[in-house]
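Asks:
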Amino acid sequence: MASKAAPSCRLVFCLLISAAVLRPGLGLYTVNSAYGDTIIMPCRLDVPQNLMFGKWKYEKPDGSPVFIAFRSSTKKSVHYDDVPEYKDRLSLSENYTLSISNARISDEKRFVCMLVTEDNVFEAPTIVKVFKEPSKPEIVSKAPFLETQQLKKLGDCISKDSYPDGNITWYRAGKVLQPLEGVVVITFTKQMDPVTQLYTMTSSLEYKTTKADIQMPFACSVTYYGPSGQKTVHSEQTVFDIYYPTEQVTIQVLPPKNAIKEGDNMTLKCLGNGNPPPEEFLFYLPGQLEGIRSSNTYTLTDVRRNATGDYKCSLTDQKSMIASTAITVHYLDLSLNPSGEVTKQIGDALPVSCTISASRNATVVWMKDNTRLKASPSFSSLHYQDAGNYVCETSLQEVEGLKKRESLTLIVEGKPQIKMTKKTDPSGLSKTIICHVEGFPKPAIQWTITGSGSVINQTEESPYINGRYYSKIIISPEENVTLTCTAENQLERTVNSLNVSAISIPEHDETDEISDENREKVNDQAKLIVGIVVGLLLAALVAGVVYWLYMKKSKTASKHVNKDLGNLEENKKLEENNHKTEA
Numbered sequence: 001m002a003s004k005a006a007p008s009c010r011l012v013f014c015l016l017i018s019a020a021v022l023r024p025g026l027g028l029y030t031v032n033s034a035y036g037d038t039i040i041m042p043c044r045l046d047v048p049q050n051l052m053f054g055k056w057k058y059e060k061p062d063g064s065p066v067f068i069a070f071r072s073s074t075k076k077s078v079h080y081d082d083v084p085e086y087k088d089r090l091s092l093s094e095n096y097t098l099s100i101s102n103a104r105i106s107d108e109k110r111f112v113c114m115l116v117t118e119d120n121v122f123e124a125p126t127i128v129k130v131f132k133e134p135s136k137p138e139i140v141s142k143a144p145f146l147e148t149q150q151l152k153k154l155g156d157c158i159s160k161d162s163y164p165d166g167n168i169t170w171y172r173a174g175k176v177l178q179p180l181e182g183v184v185v186i187t188f189t190k191q192m193d194p195v196t197q198l199y200t201m202t203s204s205l206e207y208k209t210t211k212a213d214i215q216m217p218f219a220c221s222v223t224y225y226g227p228s229g230q231k232t233v234h235s236e237q238t239v240f241d242i243y244y245p246t247e248q249v250t251i252q253v254l255p256p257k258n259a260i261k262e263g264d265n266m267t268l269k270c271l272g273n274g275n276p277p278p279e280e281f282l283f284y285l286p287g288q289l290e291g292i293r294s295s296n297t298y299t300l301t302d303v304r305r306n307a308t309g310d311y312k313c314s315l316t317d318q319k320s321m322i323a324s325t326a327i328t329v330h331y332l333d334l335s336l337n338p339s340g341e342v343t344k345q346i347g348d349a350l351p352v353s354c355t356i357s358a359s360r361n362a363t364v365v366w367m368k369d370n371t372r373l374k375a376s377p378s379f380s381s382l383h384y385q386d387a388g389n390y391v392c393e394t395s396l397q398e399v400e401g402l403k404k405r406e407s408l409t410l411i412v413e414g415k416p417q418i419k420m421t422k423k424t425d426p427s428g429l430s431k432t433i434i435c436h437v438e439g440f441p442k443p444a445i446q447w448t449i450t451g452s453g454s455v456i457n458q459t460e461e462s463p464y465i466n467g468r469y470y471s472k473i474i475i476s477p478e479e480n481v482t483l484t485c486t487a488e489n490q491l492e493r494t495v496n497s498l499n500v501s502a503i504s505i506p507e508h509d510e511t512d513e514i515s516d517e518n519r520e521k522v523n524d525q526a527k528l529i530v531g532i533v534v535g536l537l538l539a540a541l542v543a544g545v546v547y548w549l550y551m552k553k554s555k556t557a558s559k560h561v562n563k564d565l566g567n568l569e570e571n572k573k574l575e576e577n578n579h580k581t582e583a
């Protein structure tokens, strides 16, 4: 009986399945799953009391069913049908929830949960949607550079392994690029992998760039749908090298042109503002019509003052695009006359001139024996103190290292001049005799004494300063003596003598040699006295001339008066004679 009943039961089951109905109130239910995740589909049916078993199937595109899982309510056993694409991927729980691991695009189907009782079959359909997030978009096949005013392919934006396919958008500086004929051309393509059923999207951008695109970032994004809705992923930003022609040329001078001096090396540098910058230029030197072809630099060595002028450079293919700069090669000449070692005689005149020739105003400094002078030296009458080492130094302060100096070593020579003085000690026991000597080279002094007496000190000498020094001796003569001082240098030998009375005989002391300062004061006083005397003489002369003129005029007047008086007397005598004749 059992063997016969089984076929009849299978027949009933088949009839029930063929008569399965959808429970009222259950519409289409959708499960969204990410690619690779586990798809979980609840049965969404209430389990009846007389349930025999539950079963899951999916429907092919033509509507025919494919059973994939079975679970008995009595034996609690689970059976999975032999469907290759779901092998080892299915799991059916006690509440008839079906799980499919490692979701694939091919899992996008209409699945149906079936609960079977002895007299009925209940169904609940579920739609499965699988989504795959695309890879981060990347700009590939990038142009090495873009040229202004030329439509050129910038690159391709690629995003891979997407499901469903997404859309690609281009950006410039964060703003969306919209297609514009001849300026922005976007071409979009997509390809599906026949095995994985995943899409690869590619968008090519052709772009006409301008100088405004310099340093501007370009990027792209992909917009796709996922289990939770629409999402967008952006690529990394890319900055492209923009090529543009040179519009302006500039010229530079190294070192800075305000510091170029004779003997320097000078480098001209020409620059164009294009990208890439020009590699060759034409350089024009002052007075030259033909340019010299060179790289962006041209060097002149050991420049002279005649290199001063206008320097120019231009593009090799556009000579009208030219830049120029005026360069001054600074120079400094100094001529000292006389210079070197000069020997003059005391009292001589010596004109000194330091002539400067420079590219701009120069400062002049005079030094004597390392001491700065307030004014340039001028000698109308040389003195011994005028001797020394003179230096005329000049410089251009704005030009580093441009200095010149010349020196004059002045030697003032003179024959020895002697003046002797004597002075009695207040004690009356000795007399000091001083021999003042002036001359250059330094004269040697020698004393000679004629007569008797004792020499107390014969060696004391003063320092030799400005061509002067003295030697003195102290004596106590018992009788009148004569002291002779001899001064000798390479020019001459000079002798002077002084009579000195015995110590017992009083005599008038002679003053010491006056100093230069006092001598100048005496000279000034003498000049003043001479001036006064000359002035008085001139006044007396003028007074004498005035008096003489006065006297001459007075005598002339007297003669006229006497002549008039004579005429009166003569007339009177004539009248008397006339009276006598009449009588």
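Under full-length UniProt numbering, the first residue of the sequence shown is numbered 1, with each subsequent residue one higher.
Think of the CB as a built atom: it goes at the ideal place given N, C-alpha and C, for glycine as much as any other residue.
1) Tell me the residue span of the beta strand (DSSP E) that contains N337.
2) Three-state secondary structure (DSSP) at S314?
3) At the level of alpha carbons, what is the spacing between T424 and T343?
4) Can the beta-carbon of S235 be found closer than 8 Å to that of K136?
5) Where does M551 land, buried or exposed, given buried means 16+ other C-beta within 10 angstroms?
6) Pairs of beta-carbons, one from the segment 269-286 and one from the segment 240-253, closer than 8 Å: are there three or more?
7) For Y243, write down the residues that DSSP places opposite it in a beta bridge.
8) Here's the rule: buried if 16 or more other CB atoms are within 10 angstroms of the residue's CB, otherwise exposed. What is T209?
9) Three-state secondary structure (DSSP) at G340?
10) How far does the beta strand (DSSP E) with R468 in it extend, from its first residue to its last?
11) Check whether the segment 389-405 touches the segment 253-260, taking contact to mean three or more Cβ pairs, one atom from each stretch, closer than 8 Å.
12) Name the residue from F283, I346, A358 and S353 whose alpha carbon lies nearest to the alpha carbon of I322.
13) Please return the same chain residues whose Cβ sits closer than 7 Å to the Cβ of K142, not counting the five positions on each side in sequence.
14) From the DSSP output, in three-state form, read off V542 for me.
15) What are the residues that DSSP puts in a beta bridge with L254?
16) Which of the three DSSP states is assigned to residue 587 in this structure?
17) Distance, Cα to Cα, Y29 vs V184?
18) Would you decide whether K211 is buried or exposed? Buried here means 16 or more other CB atoms lie within 10 Å of its CB.
19) Suppose you measure from the CA of G63 to the CA of F53; what does that come to, to the nearest Å?
20) Classify Y199: buried if its beta carbon has 16 or more other beta carbons within 10 angstroms, exposed otherwise.
21) Considering S407, what are the terminal residues of the beta strand (DSSP E) in which it resides?
22) By alpha-carbon positions, which one of F379, Y207 and I251 ends up nearest to F145?
23) What residues in its chain sit with their C-beta under 7 Å from that of S353, if we drop five residues either side in the sequence?
24) Sort D46, V176 and R110 by Cα distance to Y96 and report the nearest one.
25) Can you look up K211 in the DSSP assignment and give me helix, strand or coil?
26) How about R360 and L396: are their beta carbons less than 8 Å apart?
27) Spell out the partners DSSP gives R172 in its beta bridges.
28) Would you kindly check if the distance between the Cβ of F131 and the Cβ of A219 is under 8 Å?
29) With burial defined as no fewer than 16 other Cβ atoms inside 10 Å of the residue's Cβ, what is the status of P61: buried or exposed?
30) Return the bridge partner residues of W56 from the DSSP annotation.
31) Between V546 and S381, what straight-line distance do the alpha-carbon atoms span, to the nearest angstrom?
32) Look up Y225 in the DSSP assignment and give the residues it is bridged to.
Replies: Looking at the coordinates:
1) Position 337 of the sequence shown, counted from the first residue, corresponds to residue 337. Looking at the DSSP string, the run of the beta strand (DSSP E) that includes N337 is L332 to N337.
2) Numbered from its first residue, the sequence shown carries residue 314 at position 314. It is a strand residue.
3) Looking up residue 424 in the sequence shown gives position 424. Looking up residue 343 in the sequence shown gives position 343. Computed Cα separation, rounded: 41 Å.
4) Your numbering for residue 235 matches position 235 in the sequence shown. Your numbering for residue 136 matches position 136 in the sequence shown. For S235 and K136, yes; Cβs fall inside 8 Å.
5) Along the sequence shown, one-based indexing puts residue 551 at 551. Result: exposed.
6) yes
7) On the sequence shown, position 243 is the one that residue 243 refers to. BP columns for Y243 point to E147.
8) Taking the first residue of the sequence shown as position 1, residue 209 is located at position 209. Answer is buried; the Cβ neighbour count reaches 16.
9) The residue labelled residue 340 in the question sits at position 340 within the sequence shown. G340: strand per DSSP, three-state reduction.
10) Counting from 1 along the sequence shown, the entry for residue 468 is found at position 468. It spans R468 to S476 - the beta strand (DSSP E) in which R468 sits, taken as one unbroken run.
11) yes
12) Locating residue 322 in the sequence shown gives position 322, where the first residue counts as 1. With distances taken between Cα atoms, I322 lies closest to F283.
13) For the purposes of this step, residue 142 is taken as the residue at position 142 of the sequence shown. Taken in chain order, the residues that qualify are G155 and T238.
14) Within the sequence shown, residue 542 is the residue found at index 542, counting from 1. In the three-state scheme derived from DSSP, where H, G and I count as helix and E and B as strand, V542 is classed as helix.
15) For the purposes of this step, residue 254 is taken as residue 254 along the sequence shown, with counting starting at 1. Paired residues: T267.
16) Shown here, the chain extends from 1 to 583; a query on residue 587 therefore has no answer.
17) In the sequence shown, residue 29 corresponds to position 29, counting from 1. In the sequence shown, residue 184 corresponds to position 184, counting from 1. Y29 and V184: Cα-Cα distance of roughly 44 Å.
18) Numbered from 1 along the sequence shown, position 211 holds the residue referred to as residue 211. The residue in question, K211, is exposed, as its Cβ has fewer than 16 Cβ neighbours within 10 Å.
19) Taking the sequence shown and counting its residues from 1, the one referred to as residue 63 is at position 63. Taking the sequence shown and counting its residues from 1, the one referred to as residue 53 is at position 53. Taking the straight line from one Cα to the other gives about 23 Å.
20) The residue labelled residue 199 in the question sits at position 199 within the sequence shown. That one is buried.
21) Taking the first residue of the sequence shown as position 1, residue 407 is located at position 407. Looking at the DSSP string, the run of the beta strand (DSSP E) that includes S407 is K403 to T424.
22) Looking up residue 145 in the sequence shown gives position 145. For F145, the closest C-alpha among the options F379, Y207 and I251 is that of Y207.
23) Locating residue 353 in the sequence shown gives position 353, counting from the first residue. Closer than 7 Å at the Cβ level, and outside the excluded window around S353, lie N337.
24) Taking the first residue of the sequence shown as 1, we reach residue 96 at position 96. Measuring from the Cα of Y96, the nearest candidate turns out to be D46.
25) The residue labelled residue 211 in the question sits at position 211 within the sequence shown. Helix, per DSSP.
26) Reading the sequence shown from its first residue, position 360 is the one you call residue 360. Reading the sequence shown from its first residue, position 396 is the one you call residue 396. Yes, Cβ-Cβ distance for R360 and L396 is below 8 Å.
27) Here residue 172 refers to the residue found at position 172 when the sequence shown is read from its first residue. R172 pairs with K175 and F218.
28) Locating residue 219 in the sequence shown gives position 219, counting from the first residue. Locating residue 131 in the sequence shown gives position 131, counting from the first residue. Result no, Cβ atoms of A219 and F131 do not sit closer than 8 Å.
29) Residue numbering aside, residue 61 sits at position 61 when the sequence shown is read from its first letter. Answer is exposed; the Cβ neighbour count stays below 16.
30) As a working mapping, residue 56 is identified with position 56 in the sequence shown. Answer is A69 and C113.
31) Against the sequence shown, residue 546 aligns to sequence position 546. Against the sequence shown, residue 381 aligns to sequence position 381. Distance between the alpha carbons of V546 and S381 is about 41 Å.
32) Taking the first residue of the sequence shown as 1, we reach residue 225 at position 225. Paired residues: Q230.
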